[in-house]
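There are 2 protein chains.
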Amino acid sequence: MESISIERRPAHGYVEEHFRSALNVPQTCLQEVITVLIDALQRELPADRLVLDPDVMRGYSYDQAEWAAHTLPDVVVRPRNAAEVQTVVRLCIEHDTPLVTRGAGTGLSGGANATAGCVVIVMDRLNAIKEINPLERLAVVEPGVINDDLRAACCEHGLWYPPDPASASSSTIGGNVATNAGGLCCVKYGVTRDYVLGMQIVTGSGDLVRLGRRTAKGVAGYDMAGLMVGSEGTLGVITEVTVRLRPMREPERTVAGYFDSIVDAGRAVSAVAAAGVTPSALELIDRHCLEAVDAWKNMGLSVDANVVLLGRTDAPGIVGEQEAATMLDCFSSAGASWAAQSTDPEEADALFAARRLAYPALERLGPVLTEDVCVPKAQVAKMLERIERTALRHDVTIANIAHAGDGNLHPLLVTPVGDEAARERAQAAFEDIISDALALGGTVTGEHGVGLLKMAGLRQELDKPVLDMQRAIKAALDPHGILNPGKVFEPR
Amino acid sequence: MESISIERRPAHGYVEEHFRSALNVPQTCLQEVITVLIDALQRELPADRLVLDPDVMRGYSYDQAEWAAHTLPDVVVRPRNAAEVQTVVRLCIEHDTPLVTRGAGTGLSGGANATAGCVVIVMDRLNAIKEINPLERLAVVEPGVINDDLRAACCEHGLWYPPDPASASSSTIGGNVATNAGGLCCVKYGVTRDYVLGMQIVTGSGDLVRLGRRTAKGVAGYDMAGLMVGSEGTLGVITEVTVRLRPMREPERTVAGYFDSIVDAGRAVSAVAAAGVTPSALELIDRHCLEAVDAWKNMGLSVDANVVLLGRTDAPGIVGEQEAATMLDCFSSAGASWAAQSTDPEEADALFAARRLAYPALERLGPVLTEDVCVPKAQVAKMLERIERTALRHDVTIANIAHAGDGNLHPLLVTPVGDEAARERAQAAFEDIISDALALGGTVTGEHGVGLLKMAGLRQELDKPVLDMQRAIKAALDPHGILNPGKVFEPR
């Protein structure tokens, strides 16, 4: 899940200090370096590639993560091709300057937030779909291509690019790869990583290289393309991606269930898994979301249900009928107050639209801090219970949307605008949810990445020697320490 | 494809020098270190864990790669649990001694071959299936579990572990993970990498750690478990693997096609891909293989066909019927002399048995050097043509079996026993096939790994800076340089 961007939140000046101190560089010295670097960029790139106006730069200084530290970058670069990207990386190496790569800025962990004295490189102008190959079932795209645009282009060839983060209408393939984005259909079709065959990147040494392959299989050395996926701009700058495609699938059947309690809904999710069905989506929306959507769009959902489960199957023919019937049984026997297979595709789409509207509907009520824990399927009900208790304990409104079918929960912590005490309570609840997810055998981030918001969580989750291994890889592939430093792990 | 081991080939003494010189350590000094290390191993491990008898050790000194360098190890250790593995790794670090990890030794690139002055660690006694979890659809196994044993155990729970290398009856999950093994069904279901969720390893620093996860999704830091897959024992020693499972599938339908020419068969493969079908297997067997199988098992295959294509679909119901019919059309219109859907499952299984028998049948004729190139699907016919020309040019018998559906070809270079000139011609042909595959946009290894046989090919395939990145990762995760040194890349 990534948010649909409604409007950019204002920069929080108070967080700048975080990065200044993290970098440990005297202010004046930094300023000199940047001036020289900007001169070099102006010399080596066409004029329209650079953004120096602070008002414009501000829009490129943060992603959609609530309360994640960010500051104004010293310069924003919007290159048009891989060679220009390489120029930017080389100059950053030469001038020992941090480089933060961003796509559309729909990330939810602060991974693309600007840090003090950094260059922000925006990949939106590298947006060509270079190839769609029906025989090899692959596409070659530049990183700035919008997810939905790739899907539409594939559709014209009878092909399908499955990864579908909720931000699909605005997020880019490069950003999806950098965060290993998931979405609604990954319960059956996997995440971005499962579709990346190869890529072209500029390395931390400034080389423009190809990783991975175009063939269906290959084991020539370490899986470098796989390592790049989800590395959040800390190991290289992606300039092209080769993705695997699937044939178009059958139209989906939708089953909806209304539940009185979130625990009953959780039991229905476990029942579906136990029944051997692999739904093409299995989404949960709780009362807080339903009410927010109703208040905005007047859909009347919250009158009938405390929790809605939406299951889908795209299995063809009789198998799809059977899977839909099985899901319906699972919903009913888990205690649904109402459950039915939707016979009207428009009605089904409206229910999924409500799911997609949940986040922006909640944002109308105040800042929303988005969680992204993932737990074993058997623990979904228990995790939802714990989230309810956490909400009560910290007196925080916590709404839930969840990719319930793969245990990926998105508790949404909603606070009144400007209420500092509520913000602190929400942040404490956020940390408690992380601890609960880990205690239940889960992970601190299912699909949003570590960025800034989950750095403490990552330290909790990983064995110390594993964190050391990751830092060693970071040091090996980013020897100058310029690639998005201070994200994912603390600088050494 | 990995071979079904018929019998172990004898050690080739002449290759020992290769490793002695690679290590650059004076012989006497090496001997002292080893004596001290063996003493330490004897002190810290129960007596039955060590093998010192040269005749027994010989059986653990090479895998199934033809003409790949190997020598007698100084000691073989067969631990029973992860703690004992950790002890071995720690002692190897302490005594600066190379450690070569092996499973069943069915590899085809020499990755598990013993090197001078090394310890060989055999994982066959870590063979417990610790958990099969139908709800989470995962299994937790020790590395020495045989592939077929895991599949059988999953079957009892209505679950399926797809990766099916031809060596499935003897190869181990640990070895499958270390080489990212493929197989027949990966044209539809992917390779070992697609099924690895997490693992426990002993690191190059001697720590016993967990990588990856048990949840369906997760992006907590770099994908370390993914990086280990296919790393051929050079980045860690695997002590446990958590694999993803699928629900059992429908019985497959089989379509067979006989072709006069390998080029027609190649066109049929492209036609199937272009028709949008995803077969659950699409295998090619050429005249040389058919004749060898006939000579051994008298199946009468080579009377009717120069090339056999075997397609399978496991799509349920009417979709499966349609896919089988489409494959049949593709075979016929590409020029099959005969094509039919098998209505008798036993007949279909017999055809696939012939496919599996091809390798051992050829081995009866003399040493078989196995190729493993993978090319884009559109290039299968052209690659097969080039292999035919290479066979003529070098006067070498080259038989072909191929996972044709994903462009993964296994030219099998057969030479008369003891014919040194033929061996040299075969090795020249082997290198030409690699160059041709690269020229057609392919890779030097689809599923067997680099080991020793593809080290030169790897240098050809990868950009120099990418090779440097891989070496940097190797140095970062194996700081003492003890993990299978001299495989995949040359030592620094």
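Note that the protein sequences, when read in sequence, are chains A and H.
Under the numbering used here, the first residue of the first sequence carries the number 1, and numbering increases by one thereafter.
Under the numbering used here, the first residue of the second sequence carries the number 1001, and numbering increases by one thereafter.
We put the CB at the ideal spot given by N, CA and C, even for glycine.
Beta-carbon spacing of residue i, residue j below 8 Å
i: residue 1234(H); j: residue 1478(H); result: yes
i: residue 1430(H); j: residue 1369(H); result: yes
i: residue 1484(H); j: residue 1100(H); result: yes
i: residue 409(A); j: residue 109(A); result: no
i: residue 278(A); j: residue 1218(H); result: no
i: residue 1162(H); j: residue 1176(H); result: no
i: residue 1157(H); j: residue 1113(H); result: no
For residue i, the three-state DSSP class (helix, strand or coil)
i: residue 326(A); result: helix
i: residue 58(A); result: helix
i: residue 1129(H); result: strand
i: residue 64(A); result: coil
i: residue 1391(H); result: helix
i: residue 1203(H); result: strand
i: residue 249(A); result: coil
i: residue 1242(H); result: strand
i: residue 374(A); result: strand
i: residue 176(A); result: helix
i: residue 398(A); result: strand
i: residue 1321(H); result: helix
i: residue 1457(H); result: helix
i: residue 1021(H); result: Here the model assigns residue 1021(H) a pLDDT of 45, short of 50, so the residue's position is not dependable and the matter cannot be decided.
i: residue 41(A); result: helix
i: residue 262(A); result: helix
i: residue 121(A); result: strand
Residue i at chain H interface by Cβ criterion, 8 Å
i: residue 186(A); result: yes
i: residue 22(A); result: Confidence at residue 22(A) is low in this model, with a pLDDT of 46, below 50, so the placement of that residue should be treated as unreliable; the coordinate-derived value is given next. Not one chain H Cβ lies under 8 Å of residue 22(A).
i: residue 164(A); result: no
i: residue 470(A); result: yes
i: residue 169(A); result: no
i: residue 103(A); result: no
i: residue 194(A); result: yes
Residue burial classification, residue i (beta-carbon count within 10 angstroms, cutoff 16)
i: residue 386(A); result: buried
i: residue 52(A); result: exposed
i: residue 1039(H); result: exposed
i: residue 1155(H); result: exposed
i: residue 1363(H); result: buried
i: residue 1031(H); result: exposed
i: residue 1107(H); result: buried
i: residue 1392(H); result: exposed
i: residue 1066(H); result: buried
i: residue 253(A); result: buried
i: residue 77(A); result: buried
i: residue 1021(H); result: Any reading at residue 1021(H) must be qualified, since the residue scores a pLDDT of 45, below 50, and its modelled position is unreliable; no value is offered.
i: residue 248(A); result: exposed
Closest residue to residue i among the options (Cα-Cα distance)
i: residue 1205(H); options: 1365(H), 1426(H), 1466(H), 1088(H); result: 1088(H)
i: residue 301(A); options: 257(A), 173(A), 108(A), 413(A); result: 257(A)
i: residue 1160(H); options: 1054(H), 1245(H), 1079(H); result: 1245(H)
i: residue 200(A); options: 191(A), 184(A), 216(A), 237(A); result: 237(A)
i: residue 83(A); options: 271(A), 480(A), 148(A), 123(A); result: 123(A)
i: residue 129(A); options: 223(A), 242(A), 117(A), 85(A); result: 242(A)
i: residue 462(A); options: 448(A), 439(A), 42(A), 481(A); result: 439(A)
i: residue 1209(H); options: 1268(H), 1240(H), 1350(H), 1396(H); result: 1240(H)
i: residue 342(A); options: 336(A), 334(A), 351(A), 335(A); result: 351(A)
i: residue 187(A); options: 36(A), 294(A), 280(A); result: 280(A)
i: residue 117(A); options: 489(A), 490(A), 482(A), 488(A); result: 482(A)
i: residue 1357(H); options: 1296(H), 1434(H), 1311(H); result: 1296(H)
i: residue 93(A); options: 143(A), 203(A), 198(A), 138(A); result: 203(A)
Residue i at chain A interface by Cβ criterion, 8 Å
i: residue 1223(H); result: yes
i: residue 1213(H); result: yes
i: residue 1381(H); result: no
i: residue 1207(H); result: yes
i: residue 1180(H); result: yes
i: residue 1317(H); result: yes
Residue i: CB within 7 Å of a non-hydrogen atom of the ligand COA
i: residue 1372(H); result: Inclusion of the ligand COA in the displayed structure is not the case, the ligand content being empty and no account of it being possible.
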